[in-house]
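Visitor: Before anything else, here's the structure in question.
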Amino acid sequence: MNTDLAHATTETVKYYLDRIEHILVRLSQADEPDRLLAIRLSPDMFDTGFNVAVAIGFAARALCPPAGLGVPEIPDEYTCESLLQFKNEVSDLIAPITADDLTNPVSHIAGKAELDQDPADYVARFAIPNMIFHLSLSYAGLRHGGMSLGKADFDGLHIY
Numbered sequence: 033m034n035t036d037l038a039h040a041t042t043e044t045v046k047y048y049l050d051r052i053e054h055i056l057v058r059l060s061q062a063d064e065p066d067r068l069l070a071i072r073l074s075p076d077m078f079d080t081g082f083n084v085a086v087a088i089g090f091a092a093r094a095l096c097p098p099a100g101l102g103v104p105e106i107p108d109e110y111t112c113e114s115l116l117q118f119k120n121e122v123s124d125l126i127a128p129i130t131a132d133d134l135t136n137p138v139s140h141i142a143g144k145a146e147l148d149q150d151p152a153d154y155v156a157r158f159a160i161p162n163m164i165f166h167l168s169l170s171y172a173g174l175r176h177g178g179m180s181l182g183k184a185d186f187d188g189l190h191i192y
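Using my numbering, the first residue of the sequence shown is number 33, and each one after it goes up by one.
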């Protein structure tokens, strides 16, 4: 992977982890945050709280295995406080990881698929898309529950 692209990849993971924090802070100020975290878009889907936790977990899963580090367990409880604590734990863990650290191939399971991927392929085609997928489902659940969020909250770039 090109060094500039690898740097952009590590910074993208860290950036979207910060966007999750932004959304959680907004959620903590909303009416009924526990109700919002319990929303399921469909009965057979994960609830919003678990999707937030998985999105946070994917920040660690994106950078830690290729850097040769272990990945923390997702917490069992999904409150604003526990999710912010998990986000801070993951942020501290991945903060020192740079593009130069992403050298280890990753063997993992995706659903029922057993995969072996080089670091660039793993981060770019598996980990970041899964992080954004679960963040998107979290956003959709919160919006479905009536929370006022916009694209600017999601990506931190848009202004409306």
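Using N, Cα and C, we set each Cβ at its ideal position, and we do this for glycine too.
I think Ile160 touches Thr44, with their Cβ atoms under 8 Å apart; what is that distance to the nearest whole Å?
Guide: For this step, residue 160 is matched to residue 128 along the sequence shown. For this step, residue 44 is matched to residue 12 along the sequence shown. Ile160 to Thr44, Cβ: 6 Å. Contact.
Visitor: Just checking my contact of Ala184 with Tyr171 at CB under 8 Å: how many whole Å lie between their CB atoms?
Guide: Here residue 184 refers to the residue found at position 152 when the sequence shown is read from its first residue. Here residue 171 refers to the residue found at position 139 when the sequence shown is read from its first residue. Their Cβ separation, rounded to whole angstroms, is 12 Å, which puts Ala184 and Tyr171 out of contact at 8 Å.
Visitor: Distance check for Ser123 and Gly178, CA to CA, integer angstroms please.
Guide: The count along the sequence shown starts at 1 and reaches residue 178 at position 146. The count along the sequence shown starts at 1 and reaches residue 123 at position 91. So the two alpha carbons sit approximately 29 Å from each other.
Visitor: Enumerate in chain order the residues of its own chain whose CB-to-CB distance from Pro97 is below 6 Å, with the five nearest sequence positions on each side excluded.
Guide: Position 65 of the sequence shown holds residue 97. Hits under 6 Å: Val138.
Visitor: Can you have a look at Asn120 and say buried or exposed, based on whether 16 or more other CB atoms are within 10 angstroms of its CB?
Guide: Position 88 of the sequence shown, counted from the start, is the residue given in the question as residue 120. Label assigned to Asn120: exposed.
Visitor: Is the distance from the Cβ of Tyr110 to the Cβ of Val84 below 8 Å?
Guide: Here residue 110 is taken as the residue at index 78 of the sequence shown, counted from 1. Here residue 84 is taken as the residue at index 52 of the sequence shown, counted from 1. In contact: Tyr110 and Val84 (Cβ atoms closer than 8 Å).
Visitor: Quick check on the DSSP output: what are the complete alpha helix (DSSP H) runs of length 4 or more inside the region 98-164, in order along the chain?
Guide: Correct list: 112-126.
Visitor: Just to confirm the assignment, what range does the alpha helix (DSSP H) spanning Gly89 have?
Guide: On the sequence shown, residue 89 is found 57 positions in, with the first residue counted as 1. Gly89 -> alpha helix (DSSP H) spans 80-95.
Visitor: Kindly indicate which three-state DSSP category Pro55 falls into: helix, strand or coil?
Guide: Counting from 1 along the sequence shown, the entry for residue 55 is found at position 23. The displayed chain sequence assigns Ile, not Pro, to residue 55. Correct three-state label for Ile55: helix.
Visitor: Relative to the C-alpha of Glu53, which candidate in Pro128, Gln117, Asp108, His190 has its C-alpha closest?
Guide: Counted from its first residue, the sequence shown places residue 53 at position 21. Among Pro128, Gln117, Asp108, His190, the Cα nearest to that of Glu53 belongs to Gln117.
Visitor: If distances are taken between C-alpha atoms only, which option among His39, Gly100, Leu68 comes closest to Gly81?
Guide: In the sequence shown, counting from the first residue as 1, residue 81 sits at position 49. For Gly81, the nearest C-alpha among the options comes from Leu68.
Visitor: Are there 16 or more other CB atoms within 10 angstroms of the CB of His190, so buried, or fewer, so exposed?
Guide: Taking the first residue of the sequence shown as 1, we reach residue 190 at position 158. Exposed, since its Cβ has fewer than 16 Cβ neighbours within 10 Å.
Visitor: What number of angstroms, rounded off, separates the C-alpha of Asp187 from the C-alpha of Asn162?
Guide: Taking the first residue of the sequence shown as 1, we reach residue 187 at position 155. Taking the first residue of the sequence shown as 1, we reach residue 162 at position 130. C-alpha separation (whole angstroms): 16 Å.
Visitor: Near Ser60, what residues of its chain come up, given a Cβ to Cβ distance below 6 Å and the 5 sequence neighbours on each side ignored?
Guide: As a first step, residue 60 must be located in the sequence shown, where it is residue number 28. Around Ser60: Cys112.
Visitor: Going by the CB atoms, is the gap between Ala152 and Ile126 shorter than 8 Å?
Guide: Along the sequence shown, one-based indexing puts residue 126 at 94. Along the sequence shown, one-based indexing puts residue 152 at 120. It is not a contact, given that the beta carbons lie outside the stated cut-off.
Visitor: For the candidate residues Ala40, Leu73, Phe158, Asp36, whose alpha-carbon lies nearest to that of Arg175?
Guide: What you label residue 175 is simply residue 143 of the sequence shown in a count that begins at 1. Ranking the options by Cα distance to Arg175, first place goes to Leu73.
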